[in-house]
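Asks: I am attaching a structure below and will ask some questions about it afterwards.
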Ligand SMILES: *Cc1c(COP(=O)(O)O)cnc(C)c1O
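Residue numbers (full-length UniProt numbering): 1 to 393.
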């Protein structure tokens, strides 16, 4: 029992699937040709990239020419936002985003503010939602970009992207969505969503780390972000990470083929965990929207507890999870997402994020429920505030 190890942090990263690794390996060894070379092992690499591009495009309902491989989800976000901002600066300098974006978007927007752009950070409601009306009201004559994440990495809340896309389209404003948490977890179609740019990252859906992609709708005015050679049709220079790109293609193909079943499985694990934790542990709050949330995401705040201590004690029991509290981020402030949904600091500090994936089973939840209530109890016993609360003082 002591040796049990349960990984419940799939929003942080996932393991490369064996089938994915198997397809990648030859591109490190015998198929090492540079895709820009015209001899046959070069052409073979080029062909492998094209096939991966077809698979990514198919999964998103896009055309292969609209898919550009990048070095990560973060790079895709940076390119989308800085690319649109600088390329379209003559038309305006205003960007609309939300207060709960991933740092890859948030810090990029803050950087642009330091370079003369104006950014509106839309607040969210207690569930972490923005409304299409909020977006519509924030639009100004100088708005050139709306960037709103598809699904939140901490609390799992899914935004009304298609409705927001419709507004952006009506107004002729570019619309980017960071869909890094969504791709591989929920169905996505760039046509139905009316998005112009969409970021994804392979390591969030059982592909390798260090490769992502940016969907750029045909006709979008955006300059290249990395200057150099003519790779990615001259828009993203540097020798392609062929094995990683091949892995990303295989991973997205597997994810799409298996989406419905995977969805159902994760929802069952998620809902069981929510029900049991809410039933068995007092002074707990579920963060994020109850229904409009990622299938595998659970996020709780436990009052009178420090999230860091909770994570360390879970780790001693072999459970890997995450928290939106201090230290992990190297800062003393709790997560900007938990503060944006209105949690007081002390409650935001006691948060726990559990994100389920492929290899999780009901036995993992049995085990979690065996250890979590005890840990929470033990930590609370050290809290003078808790003592007062239970005595009703
Ligand atoms: C993980 C993540 C990113 C960053 O992707 P990397 O490939 O790790 O750089 C961006 N946005 C969201 C929502 C994420 O979850």
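Idealized CB from N, CA, C, for every residue including glycine. All values reported here derive from a predicted model rather than from experimental measurement.
Alpha carbon to alpha carbon, how far is residue 334 from residue 385? Give it in angstroms, no decimals.
Replies: Position 385 of the chain shown, counted from the first residue, corresponds to residue 385. Position 334 of the chain shown, counted from the first residue, corresponds to residue 334. Approximately 19 Å, taken between the alpha carbons.
Asks: Check whether the Cβ of residue 181 lies closer than 7 Å to any heavy atom of ligand 1, and answer yes or no.
Replies: Within the chain shown, the letter at position 181 stands for residue 181. Yes, Cβ of residue 181 sits closer than 7 Å to a heavy atom of ligand 1.
Asks: Looking at the structure shown, is residue 129 part of a helix, part of a strand, or coil, going by DSSP?
Replies: Translated into the one-based positions of the chain shown, residue 129 becomes position 129. The answer is coil: DSSP assigns residue 129 none of H, G, I, E or B.
Asks: Does the Cβ-Cβ distance between residue 222 and residue 175 come in under 8 Å?
Replies: Here residue 222 is taken as the residue at index 222 of the chain shown, counted from 1. Here residue 175 is taken as the residue at index 175 of the chain shown, counted from 1. In this structure, residue 175 does not lie closer than 8 Å to residue 222 by Cβ.
Asks: I want to know whether the segment 104–111 touches the segment 71–83 - three or more CB-CB distances under 8 Å.
Replies: Touching, yes, given that three or more Cβ pairs across the two stretches are closer than 8 Å.
Asks: Quick one: does the C-beta of residue 313 sit closer than 7 Å to a heavy atom of ligand 1?
Replies: Residue numbering aside, residue 313 sits at position 313 when the chain shown is read from its first letter. No, ligand 1 has no heavy atom inside 7 Å of this Cβ.
Asks: Residue 20 by DSSP, collapsed to three states: which one?
Replies: Within the chain shown, residue 20 is the residue found at index 20, counting from 1. Helix at residue 20.
Asks: Which complete alpha helix (DSSP H) runs does the segment 259–323 hold, if anything under 4 residues is left out?
Replies: Listed in chain order, they are 259–280 and 307–316.
Asks: Examine ligand 1 and report whether any of its heavy atoms sits within less than 7 Å of the Cβ of residue 36.
Replies: Within the chain shown, the letter at position 36 stands for residue 36. Flag unset: Cβ of residue 36 not near ligand 1.
Asks: Would residue 300 pass as a contact of residue 284 if the rule is Cβ separation under 8 Å?
Replies: What you label residue 300 is simply residue 300 of the chain shown in a count that begins at 1. What you label residue 284 is simply residue 284 of the chain shown in a count that begins at 1. Yes. Within cutoff.
Asks: Quick one: complete beta strand (DSSP E) runs, 3+ long, within the segment 11–93?
Replies: The qualifying runs are 67–70.
Asks: Quick check: does the Cβ of residue 77 come within less than 7 Å of any heavy atom belonging to ligand 1?
Replies: Working through the chain shown from its first residue, we reach residue 77 at position 77. Yes, Cβ of residue 77 sits closer than 7 Å to a heavy atom of ligand 1.
Asks: Give the DSSP bridge partners of residue 352, in chain order.
Replies: One-based indexing of the chain shown puts residue 352 at position 352. Residue 352 is bridged to 300.
Asks: Say whether the segment 314–322 touches the segment 179–198, bearing in mind that this needs 3 or more beta-carbon pairs closer than 8 Å, one atom from each stretch.
Replies: Judged by Cβ distances under 8 Å, the segment 314–322 makes no contact with the segment 179–198, as fewer than three pairs qualify.
Asks: Nearest by alpha-carbon distance to residue 142: which of 156, 148 and 90 is it?
Replies: Here the question's residue 142 lines up with position 142 in the chain shown. Measuring from the Cα of residue 142, the nearest candidate turns out to be 90.
Asks: By a C-beta neighbour count over all protein chains shown, 10 Å radius and 16 as the cutoff for buried, is residue 390 buried or exposed?
Replies: Position 390 of the chain shown, counted from the first residue, corresponds to residue 390. Residue 390 should be labelled exposed.
Asks: Just how far apart, CA to CA, sit residue 312 and residue 162?
Replies: Against the chain shown, residue 312 aligns to sequence position 312. Against the chain shown, residue 162 aligns to sequence position 162. If you take the alpha carbons of residue 312 and residue 162, they lie about 40 Å apart.
Asks: State the DSSP-derived secondary structure class of residue 176, mapped to helix, strand or coil.
Replies: Mapped onto the chain shown, residue 176 falls at position 176. If DSSP states are grouped into helix, strand and coil, residue 176 belongs with the strands.
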